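For the sequence shown, the numbering used here begins at 13 and goes up steadily by one.
Heads up, the beta-carbon is just placed ideally off N, CA and C, and yes, glycines get one too.
Only a predicted model underlies this, so the values are computations on that prediction, with no experimental measurement involved.
Reviewing the structure listed below.
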Amino acid sequence: MHNINVIKGDITKVKVDAIVNAANTTLMGGGGVDGAIHRAAGPALYNACEKFHGCPTGEARITGGFNLPAEFIIHTPGPVWHGGDNGEDQLLANSYQNSLQLADQHLCRTVAFPSISTGVYAFPLQRAAKIAIATIKNFLPTANYVDQVTMVCFDDRTFAAYQSQLY
Ligand code: AR6
């Protein structure tokens, strides 16, 4: 009923209308999935991101996909985990919600996310997975175009956490 699927893989290889990047507020690249996306997309992505002059946590910005199979890349800085009493849950939900809204505004049907904030930013995995899946489930019935959302998990532990939230 909900068109959400969870796969294990590398998000730079996924052919969807838009992939989401777990960026930082500079939007100028970094490690983790952000580094992988910038390497795979090519240097033109850096030039495109420069024009935004950064992005606040929980908001999202869109660029082309350049050398990626995806048509668009949506960049969102998730929250850094500071113990959970600093608005982290809401900011993480905002990252998913604002990314999905931007995808829908750009007429995207298929969107893929990495596990935002659960790497370098240290957001607890189960808690992040719960927020991510709930936000996507709530969004889908309101969408005009987005009808398939894929969580692309890089390792078994992440895959298991998101998979467990589907049911
Ligand atoms: N495909 C899918 N998932 C991946 C890939 C990939 N190619 N590579 C890593 N992951 P992280 P964050 C997973 O640290 O916690 C960057 O430096 C990874 O295993 O990339 O939001 C930014 O510039 C983990 O499950 O993002 C920021 O400074 C998940 O992606 C900061 O890190 C997220 O881990 C953002 O930290």
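Under a Cβ-count criterion, where at least 16 other Cβ atoms within 10 Å of its own Cβ denotes burial, should Gly-95 be classed as buried or exposed? Classification of Gly-95: exposed, given that the 10 Å Cβ count is below 16.
Between which residues of its own chain and Val-28 is the CB-CB distance below 7 Å, once the five residues before and five after are set aside? Contacts found: Ala-82, Thr-122, Val-123, Ala-124 and Thr-162.
Which of the three DSSP states is assigned to Val-161 in this structure? Annotated three-state conformation of Val-161 is strand, per DSSP.
Cα-Cα separation, Gly-183 to Tyr-174: In this structure the chain extends from 13 to 179, so residue 183 is not present and cannot be described.
Pocket of the ligand AR6 defined by Cβ to heavy atom distance under 6 Å: What you get when you keep residues with a C-beta closer than 6 Å to any heavy atom of the ligand AR6 is Asp-22, Ile-23, Thr-24, Ala-34, Ala-35, Asn-36, Gly-42, Gly-43, Gly-44, Val-45, Asp-46, Ala-48, Gly-90, Pro-126, Ser-127, Ile-128, Ser-129, Thr-130, Gly-131, Val-132, Tyr-133, Val-164, Phe-166, Asp-167 and Thr-170.
So what does DSSP say about Thr-88, is it helix, strand or coil? Secondary structure of Thr-88 (DSSP, three-state): strand.
Could you check whether the stretch 14-23 touches the stretch 151-161, counting it as contact only if at least three pairs of C-beta atoms, one from each stretch, sit closer than 8 Å? Yes, the stretch 14-23 is in contact with the stretch 151-161.
Take Pro-60 and list the residues in its own chain whose beta-carbon comes closer than 7 Å to its own, dropping the five residues that flank it on each side. Residue 60 is actually Ala in this sequence, not Pro. If we look at Ala-60 and ignore the five residues flanking it on each side, its Cβ neighbours are Thr-75 and Gly-76.
Would Gly-21 pass as a contact of Thr-38 if the rule is Cβ separation under 8 Å? No, these two residues do not count as a Cβ contact at 8 Å.
Excluding the 5 residues flanking Phe-135 on each side, which residues of the same chain have their C-beta closer than 6 Å to its C-beta? Excluding sequence neighbours, Phe-135 sits near Trp-93 and Ser-129.
The beta strand (DSSP E) that contains Asn-17, what's its start and end? For Asn-17, the enclosing beta strand (DSSP E) starts and ends at 16-20.
Arg-73 bridges to which residues according to DSSP? Answer by DSSP bridge pairing, in chain order: His-87.
Please list the segments of the alpha helix (DSSP H) lying wholly inside the stretch 85-128, counting only runs of 4 or more residues, in order along the chain. Runs of the alpha helix (DSSP H) spanning 4 or more residues and lying entirely within the stretch 85-128 occur at 100-117, in chain order.
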